[in-house]
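Protein chains in written order, with the numbering used here: chain U, 751 to 966; chain E, 751 to 966.
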DNA sequence: CGGGTTATTGAACGGTTATTCAGGTTAGGC
DNA sequence: GCCTAACCTGAATAACCGTTCAATAACCCG
């Protein structure tokens, strides 16, 4: 019956596919370079459908931001639950930032988001939400460590702010493939700051970049 | 006849005016939102002239980047020569980053540059050059302090990298007007990191977040 | 099974914008 | 003073791209 057209899944499925395609295109071409055609092509649908579901290109971009948020939350949760104990967890964060996966592409996406947030309210809200969430996670790990007595910080709030900002700053260089900046270096540099900020004792500091390291 | 047209200064003057206008427009509208018309309007000339001098919109944007570099160099030089001694100089850098002037707008321009650098080679080169210059200045101050014995760092190179990255990271929040981030907080947060990284002795750390400032 | 609503398409439309161009104006060497 | 080349302009051109639209197809419900 009714010779199967290419795809006739639930409209929700198509909608989601378009959203995912949008993110993929933005990742590759940036917000400014993303056209309706690109999205349609990446999603395997027509331009018309993109507009049908989201009203406009801007609408599709905006909707994709909330998907981005959701996925970020999810992944963050999943990632941090893998590891227990303040020090390993902090270390894990250091490595997460560098990203063993396609992190460079992800950081580029964040850069795009920052710039878009300058002028687009939806993007501003998304990036603020993302940032708060991220900083909250960091904050939580720090509090955990303070409570356990393995971290020491005179002003934890400021330390968290600085560590979060440092990661963003380092990420810029990673995203732009600054010569000399690698994921390994990223992790190392950030971790050293964390050690400094939080007075982590050598015992807890298990993973050295190379060679011995001590404190006193 | 031919009543005097508005302006017939040297073509170099117009060229420069267009370049300056381009930067101004990019600052306000971003690279993506900058149109030839905007530049012409801001420069008080015709669209034709913009293209006449620079060949294309992309050409004008590219040319404006080198002007941006030049002006940055100049201003950096001028600014840092004002202050002597490692500690005051470092402190000055902390305040420069926060910017007592239109720094928010400037940081937004840097954000724009970063994103453009992802895909545009000219922008990439410009930002790398700018960044090296900036980091070099920081590095110089740090070396000065190490030589004078007022700073102590086990890995100065890493410290410089981190301090530079931290400034970028904090700048993002400043540029995006993150609630709670002010120029004062910016300076304070960065300065504390500098103190921590470089083991600045309390004597040198003259400026509290508020209160008087003096030197030995 | 109909009939109406929802999805989906591809082509047509229209606005915006970079670029081209033909024609003037200015400046400076001769 | 005049001639040529550099400068400058505003309008015409043309391409690109978001959006609209009329026509189908699929789905759902009674």
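The beta carbon of each residue, even a glycine, is placed where N, CA and C say it ideally should be.
Cβ neighbour criterion (16 or more within 10 Å) applied to residue i
i, result
"residue 764 of chain U", "buried"
"residue 820 of chain E", "exposed"
"residue 873 of chain E", "buried"
"residue 895 of chain U", "buried"
"residue 898 of chain E", "exposed"
"residue 827 of chain E", "exposed"
"residue 930 of chain U", "exposed"
"residue 834 of chain E", "exposed"
"residue 794 of chain E", "exposed"
"residue 841 of chain U", "buried"
"residue 762 of chain E", "exposed"
"residue 760 of chain E", "exposed"
"residue 943 of chain E", "buried"
"residue 796 of chain E", "exposed"
Through-space distance from residue j to residue i, alpha-carbon basis
i, j, result
"residue 919 of chain E", "residue 801 of chain E", "37 Å"
"residue 859 of chain E", "residue 877 of chain E", "11 Å"
"residue 771 of chain E", "residue 861 of chain E", "19 Å"
"residue 781 of chain E", "residue 792 of chain E", "15 Å"
"residue 941 of chain E", "residue 818 of chain E", "27 Å"
"residue 701 of chain U", "residue 783 of chain E", "Because chain U here runs from 751 to 966, residue 701 of chain U falls outside it and cannot be looked at."
"residue 808 of chain U", "residue 829 of chain E", "42 Å"
"residue 836 of chain U", "residue 948 of chain U", "11 Å"
"residue 890 of chain U", "residue 775 of chain E", "42 Å"
"residue 857 of chain U", "residue 812 of chain U", "19 Å"
"residue 959 of chain U", "residue 938 of chain U", "Residue placement at residue 959 of chain U is poorly supported in this model, since its pLDDT is 40, which falls under 50; the coordinates are not used for a value here."
"residue 824 of chain E", "residue 814 of chain U", "42 Å"
"residue 963 of chain E", "residue 844 of chain E", "Confidence at residue 963 of chain E is low in this model, with a pLDDT of 39, below 50, so its placement is unreliable and the value that follows should be read with caution. Near 14 Å, if we compare the C-alpha coordinates of residue 844 of chain E and residue 963 of chain E."
"residue 922 of chain U", "residue 881 of chain E", "11 Å"
"residue 893 of chain U", "residue 905 of chain U", "11 Å"
"residue 935 of chain U", "residue 767 of chain E", "43 Å"
"residue 900 of chain E", "residue 810 of chain U", "55 Å"
"residue 916 of chain U", "residue 848 of chain U", "12 Å"
"residue 778 of chain U", "residue 832 of chain E", "44 Å"
"residue 884 of chain U", "residue 803 of chain E", "47 Å"
"residue 925 of chain E", "residue 932 of chain E", "10 Å"
Residue i - DSSP class collapsed to helix/strand/coil
i, result
"residue 893 of chain E", "helix"
"residue 922 of chain E", "helix"
"residue 905 of chain E", "coil"
"residue 965 of chain U", "In this prediction, residue 965 of chain U has a pLDDT of 38, which is less than 50 and means its spatial position is unreliable; nothing more can be read from the coordinates."
"residue 783 of chain E", "helix"
"residue 951 of chain E", "coil"
"residue 761 of chain E", "helix"
"residue 927 of chain U", "coil"
"residue 899 of chain U", "coil"
"residue 932 of chain E", "coil"
Residue i: CB within 8 Å of a non-hydrogen atom of the ligand FAD
i, result
"residue 793 of chain E", "The ligand FAD is not among the ligands present in this structure, which contains no ligands whatsoever."
As an exercise, report each continuous alpha helix (DSSP H) stretch of at least 4 residues that is fully enclosed by the region 843-885 of chain E, in chain order. Within the region 843-885 of chain E, the runs of alpha helix (DSSP H) that reach at least 4 residues and sit entirely inside it are, in chain order, 853-869.
Q. What are the complete alpha helix (DSSP H) segments, minimum 4 residues, inside the region 794-853 of chain E?
A. 797-804, 807-831 and 836-848
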